[in-house]
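Right, one structure below, let's go through it.
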Amino acid sequence: MGRSINFNNSWRRLAIATYTAPKDSRIYGTFEVDVTPVMEFIAARKQEGIKLSITHFVCAAVARTLYEDIPEINCFVRRGKVVPRQDSDVFVSINVDQREMTGTVLRKCQELSVYEIAEQLQHAAEEKRSGVESGAFAAKDFLSKVPWPFRRWLFLLIKWWIFDLGLPFPFLKIPPDPFGSIMVTNIGTFGLQYGMVALFPIGRLPGVVTMGRVMEKPVVIDGKICIRSMLPLTGTFDHRIVDGAQAGILANCAIRRLQDPEELARPNKPVKNVEQ
Numbered sequence: 002m003g004r005s006i007n008f009n010n011s012w013r014r015l016a017i018a019t020y021t022a023p024k025d026s027r028i029y030g031t032f033e034v035d036v037t038p039v040m041e042f043i044a045a046r047k048q049e050g051i052k053l054s055i056t057h058f059v060c061a062a063v064a065r066t067l068y069e070d071i072p073e074i075n076c077f078v079r080r081g082k083v084v085p086r087q088d089s090d091v092f093v094s095i096n097v098d099q100r101e102m103t104g105t106v107l108r109k110c111q112e113l114s115v116y117e118i119a120e121q122l123q124h125a126a127e128e129k130r131s132g133v134e135s136g137a138f139a140a141k142d143f144l145s146k147v148p149w150p151f152r153r154w155l156f157l158l159i160k161w162w163i164f165d166l167g168l169p170f171p172f173l174k175i176p177p178d179p180f181g182s183i184m185v186t187n188i189g190t191f192g193l194q195y196g197m198v199a200l201f202p203i204g205r206l207p208g209v210v211t212m213g214r215v216m217e218k219p220v221v222i223d224g225k226i227c228i229r230s231m232l233p234l235t236g237t238f239d240h241r242i243v244d245g246a247q248a249g250i251l252a253n254c255a256i257r258r259l260q261d262p263e264e265l266a267r268p269n270k271p272v273k274n275v276e277q
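Numbering (the working numbering), first residue to last: 2 to 277.
Dropping the structure here:
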């Protein structure tokens, strides 16, 4: 039986009234994760001709944690209230040509294995690199051609329509929740270790998890110095929804899941730990 959660408690009501969205309500946190078991798993699958990356495992771990362990983060603000999402949909950034970024949403990511995540991301990347866009990104070329200041007004109209009203935007085929529950981006592919990534205002995302470059580092385990593969992670959160305690649960549960790559490699049938 799940926990009973008041999504609109007094702190959140006050935070919504105090902060605007989300430019002055950002909080940040950084930590490192020992991903040696994951890297060994990836290397073993590579020998079998199966291509996996650390991004696939982080997406699976974050999605399952968000859905099962800390569902009070899996929500957004609408008309002064916090609204929970039904699934853990992960928005993943995609590097198109080393100069332009786009992204795709892994729907119901809490149920996907890393193999399914890899397949979906590969398909999305191939489409986008060939010039095929869908969802919210399909509208970016049209919106970029709208003259200023009408572009800003149209942007605010779309934001109000899809999030405050919860409706798909006509003509542009933008779905009601185009950017999912949380964002995962890998700046390690550019050789970077840490980055304080901004929240995307139109996305109504409670957080962004930024992955840095995996490096081998000396770590003390049971009093002995060992060389381990360490993944730096940085979180940017909307403080109207996420506080330090919740960010800690998200981090610790995701870390625990990343220690068991075999489990993340299996499809998941989760039970949401919440009663609304």
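Ideal Cβ positions, reconstructed from N, Cα and C, are used throughout, including at glycine.
On a predicted model such as this, the values are computed, not experimentally measured, just so you know.
Excluding sequence positions up to five away, which residues of its chain have a Cβ less than 6 Å from the Cβ of residue i?
| i | result |
| --- | --- |
| Q194 | G213, R214, P233 |
| R130 | V97 |
| G204 | F180 |
| R267 | S114 |
| H57 | V115, I118, A119 |
| G30 | G236, A248 |
| D88 | K109 |
Do the CB positions of residue i and residue j come within less than 8 Å of each other?
| i | j | result |
| --- | --- | --- |
| V63 | V210 | yes |
| D90 | C110 | yes |
| A126 | I95 | yes |
| V147 | L155 | yes |
| M231 | K218 | yes |
| I183 | L67 | yes |
| P271 | E49 | no |
| N269 | R108 | no |
Output the distance between the C-alpha atoms of residue i and residue j, rounded to the nearest integer angstrom.
| i | j | result |
| --- | --- | --- |
| V78 | V84 | 6 Å |
| M216 | M40 | 11 Å |
| G104 | D165 | 23 Å |
| D178 | S145 | 21 Å |
| G264 | R241 | With the sequence shown as reference, residue 264 is identified as Glu, and Gly is not the correct amino acid for it. Rounded to the nearest angstrom, the two C-alpha atoms are 33 Å apart. |
| F170 | R86 | 19 Å |
| K47 | A119 | 13 Å |
| S54 | I43 | 7 Å |
| I74 | I51 | 33 Å |
| E117 | I6 | 31 Å |
| V185 | V106 | 10 Å |
| K160 | G167 | 10 Å |
| H124 | M102 | 16 Å |
Of the choices the options, whose alpha-carbon is the least far from that of residue i?
| i | options | result |
| --- | --- | --- |
| V34 | D261, I256, F170, K218 | I256 |
| R80 | R46, N9, I183 | N9 |
| I188 | H124, V93, P176 | V93 |
The ligand COA and residue i: does any heavy atom of the ligand fall closer than 7 Å to the residue's C-beta?
| i | result |
| --- | --- |
| T37 | With respect to the ligand COA, the structure offers nothing, as it holds no ligand at all. |
Whose C-beta lies closer than 7 Å to the C-beta of residue i among residues of the same chain, with five residues either side of it excluded?
| i | result |
| --- | --- |
| L200 | P23, R27, L206, V209, T237, D239 |
| T190 | N96 |
| C76 | F8, V83, V84, P85, R86, P207, I242 |
| R152 | L144 |
| Q121 | L107 |
Starting from the C-beta of residue i, find all residues in its chain whose C-beta is less than 8 Å away, skip the five residues before and the five after it, and write them out in chain order.
| i | result |
| --- | --- |
| Q71 | Rather than Gln, the amino acid found at residue 71 in this sequence is Ile. The residues are Q247, I250, L251, C254. |
| P38 | L259, Q260, D261, P262 |
| I228 | E217, K218, P219, V220 |
| F143 | L173 |
| G192 | R214 |
Could I get the ranges of all uninterrupted beta strand (DSSP E) runs contained in the stretch 220-247, with 3 residues as the minimum, in chain order?
-> 225-239
Any beta strand (DSSP E) of 3 or more consecutive residues that is wholly inside the stretch 28-103 = 76-79, 82-85, 91-96
In chain order, each alpha helix (DSSP H) run of at least 4 residues that lies wholly inside the stretch 145-228 | 151-160
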